[in-house]
Amino acid sequence: MLTIADSQKATLGLLRVSINLTNSNGEVCEALNRDTSLVTALTDIITTDPEHYSHAYHQEKDAQTVASAEDAPEQEEREANFDLLLLSLGLMINFVQESGKVKEMVLSTDLPGQINLLFEKLIARDVRLRPAFLTSGICKSCAGIFGSSPRTSYHSHSEWKGISR
Amino acid sequence: MSVSKILKSELQSLPARTKDVKTLPEVLSARQLVDNTLIDLVVTDIRPIFICLAKFHEILSWRELKSIAGCLEQSTQGRNISGIAQTDLNGLDSVLQRCIQDFNTEGCL
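Protein chains in written order, with the numbering used here: chain A, 1 to 165; chain B, 1001 to 1109.
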């Protein structure tokens, strides 16, 4: 079976290392951002392809079905792209949250505007195209009604009335 | 795990690995150790690895970089890291940028 390339594993690993290093450490954030090139590269990843955000749904869906051998590399590629997206967002959050200097630097560019625009598009599309099966159901654990908000990954309870998972 | 344990393990596996080979492979070279051993290593002092990354990032292969990333990931997980000088991180930001840019291509360092 094909696996993701060493280059991708190295990239995801280094992003995780950077997140570990920048947790509660503004100095490291500043050392990694002597100019705007890294935050620009991260913003490119975050904003380039909105389709990558739907890969979380595909991951969940694919986990329920037995993937064929032909689908496996494609699924692995999607997962790698989704991981890249999440880790890039995580590192950007750390940069902005842990260092006022980096935050000012980022705010002085058009990068926040690009991210804002992307999320506005994603939210608008979600409102317009939200599938019916994501819009109704009751969580047995907390009795939360999901008539008004989509079922998303931040809700971790696994038992649902009216929804076959 | 101490360095001596690593070397001992490498030496023990040497006869099996050299059985069919007439010339002695460089199994104990720094590169081989990075390739085969570093990825499973958890170290308390990560500074030397960052210094190595800063010095040699332009000549490291993806496989070596993957091993270094694996070691650093395990060694920094759940720890509050301090004592790293800004100059030690010189390699990380540039490697990270190149990795991100080459993520979906067959890029090479």
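Every residue, glycine too, gets a C-beta built ideally from N, C-alpha and C.
So is residue 1010/B in contact with chain A if we call contact Cβ pairs under 8 Å?
-> For residue 1010/B, the nearest beta carbon of chain A is not closer than 8 Å to its own beta carbon.
Nearest residue (CA-CA) to residue 30/A, options 17/A, 101/A, 44/A | Looking from the CA of residue 30/A, the closest CA among 17/A, 101/A, 44/A belongs to 101/A.
Please say whether residue 45/A and residue 85/A have beta carbons closer to each other than 8 Å?
-> Using a Cβ distance threshold of 8 Å, residue 85/A and residue 45/A count as a contacting pair.
Rounded straight-line distance, which links the Cα of residue 95/A to that of residue 17/A = Using only the alpha carbons, I get a separation of about 14 Å.
Could you give the residue range of the alpha helix (DSSP H) that holds residue 25/A?
-> Counting along the chain, residue 25/A sits inside no alpha helix (DSSP H), nor does DSSP assign it H or E at all.
Simplified DSSP state of residue 87/A, which is helix, strand or coil | Reduced to three states, the DSSP call for residue 87/A is helix.
Cβ neighbours of residue 1056/B in the same chain (closer than 7 Å, five flanking residues each side left out) | Here the set comprises nothing.
Thinking residue 50/A and residue 122/A are a contact (beta carbons under 8 Å), I'd like their distance in whole angstroms, please.
-> The pair is a contact, with the Cβ atoms about 6 Å apart (cut-off 8 Å).
Indicate whether residue 1053/B and residue 1039/B have their beta-carbon atoms separated by less than 8 Å.
-> Their beta carbons are not under 8 Å apart, which means residue 1053/B does not touch residue 1039/B by this criterion.
Give the DSSP-derived three-state secondary structure of residue 1077/B in the structure shown.
-> Residue state, collapsed to three classes: coil.
Where residue 1057/B sits in the DSSP three-state scheme | Coil, per DSSP.
CA-to-CA distance, residue 71/A to residue 1095/B, given in whole angstroms | Roughly 31 Å between the two C-alpha positions.
Of the choices 11/A, 111/A, 25/A, whose alpha-carbon is the least far from that of residue 97/A?
-> Nearest C-alpha to residue 97/A: 25/A.
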